[in-house]
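Here is the structure we will look at, set down as structure tokens.
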Amino acid sequence: GQNIDQPTEMTATEGAIVQINCTYQTSGFNGLFWYQQHAGEAPTFLSYNVLDGLEEKGRFSSFLSRSKGYSYLLLKELQMKDSASYLCAVRDWEGTALIFGKGTTLSVSS
Amino acid sequence: ETGVTQTPRHLVMGMTNKKSLKCEQHLGHNAMYWYKQSAKKPLELMFVYNFKEQTENNSVPSRFSPECPNSSHLFLHLHTLQPEDSALYLCASSQDPRSSSYEQYFGPGTRLTVT
């Protein structure tokens, strides 16, 4: 079956670094996405990985290991506005849409 | 307007009502999607349309009926819903979904409450 696991909640303080992990078991693999969703708003695209390694985009980086079925999203220099839910999603090779995890709610405090 | 828009933003309906959700994308994309987001659950794919043709129906009950008259518009017709159908319904669009690197752009969602 298809399964994507990520922690339910995480907390951190302003200026810190936080790593949100995601593990997946899917019938195939054709890319992994991270989305950010603020409460009451639409999910917005953060990053995409299809090959092993680290993709860096400003304060956010995403890592992928296909052999381990593992990814993480790294957020540096945390700001209060980073408080949101972070969704890990995998596209398998059969379908055209994404399989989402339940999301990790990150709370950043001062 | 830009991006993906959805109307209404909030909807309360009885179990015997018929209503429709509307989604419009202004991004020139070819594919459109309906997702359901319930509390404590992952985003669940409901339907996929590519070039106006339905390409995926994720075992959705027939009380949900999608319609895609063109690549820019997507509707979700609702009838005889159940209280457990209360959720946030998100519309998304993307370029050709057969391309693995596409990203999906989401609308703000319709918060549906079935009483």
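Here the protein sequences come in this chain order: A and B.
Convert by adding 72 to the 1-based position in the first sequence; the result is the number in the working numbering.
Convert by adding 1 to the 1-based position in the second sequence; the result is the number in the working numbering.
From the three backbone atoms N, C-alpha and C, an ideal C-beta is built for every residue, glycine too.
The Cβ atoms of residue 95 (chain B) and residue 105 (chain B) sit closer than 8 Å to each other. With contacts defined as CB atoms closer than 8 Å, residue 144 (chain A) and residue 135 (chain A) qualify as a contacting pair. By the criterion of a C-beta distance shorter than 7 Å, residue 111 (chain A) is surrounded by no residue of its chain, once the five residues flanking it on both sides are discounted. Per DSSP, residue 105 (chain A) is one residue of the beta strand (DSSP E) stretching across 104-109.
Assigned with DSSP and collapsed to three states, residue 20 (chain B) falls in strand. Shown here for residue 9 (chain B): same chain residues with a beta carbon closer than 7 Å to its own, the five before and five after excluded, namely 111 in chain order. Around residue 149 (chain A), the same chain offers 87 and 131 as residues with beta carbons nearer than 7 Å, after the five sequence neighbours per side are excluded.
Shown here, residue 129 (chain A) sits in a strand according to DSSP, grouped into three states.
Per DSSP, residue 152 (chain A) lies in no beta strand (DSSP E) and is assigned neither H nor E. Under DSSP, residue 38 (chain B) shares a beta bridge with B:89. Secondary structure of residue 70 (chain B) (DSSP, three-state): strand. Shown here for residue 142 (chain A): same chain residues with a beta carbon closer than 6 Å to its own, the five before and five after excluded, namely 95 in chain order. Taking every protein chain shown into account, the CB of residue 77 (chain B) has 16 or more other CB atoms within 10 angstroms, so this residue is buried. Only those residues of the stretch 104-125 of chain A whose C-beta falls short of 9 Å from the nearest C-beta of chain B are listed: 105, 107, 109, 112, 113, 114, 115, 116, 117, 120 and 122.
Counting C-beta pairs with one atom in each stretch, the stretch 156-166 of chain A and the stretch 101-111 of chain A have three or more that are closer than 8 Å, which means they touch. Chain A places no beta carbon closer than 8 Å to that of residue 50 (chain B), leaving this residue out of the contacts. Between the alpha carbons of residue 173 (chain A) and residue 82 (chain A) lies a distance of about 15 Å.
In this structure, the CA atom of residue 108 (chain B) is about 13 Å from the CA atom of residue 73 (chain B). Closest in alpha carbon position to residue 124 (chain A), among A:116, A:139, A:115 and A:113, is A:139. Residue 15 (chain B) counts as exposed, since fewer than 16 other beta carbons sit within 10 angstroms of its beta carbon. Taking 9 Å as the upper bound on Cβ-Cβ separation, chain B lies near residues 76, 80, 102, 103, 105 and 107 of the stretch 73-107 of chain A. Using a Cβ-Cβ cut-off of 8 Å, residue 132 (chain A) does not count as an interface residue toward chain B, since no Cβ of chain B sits closer than that to its own.
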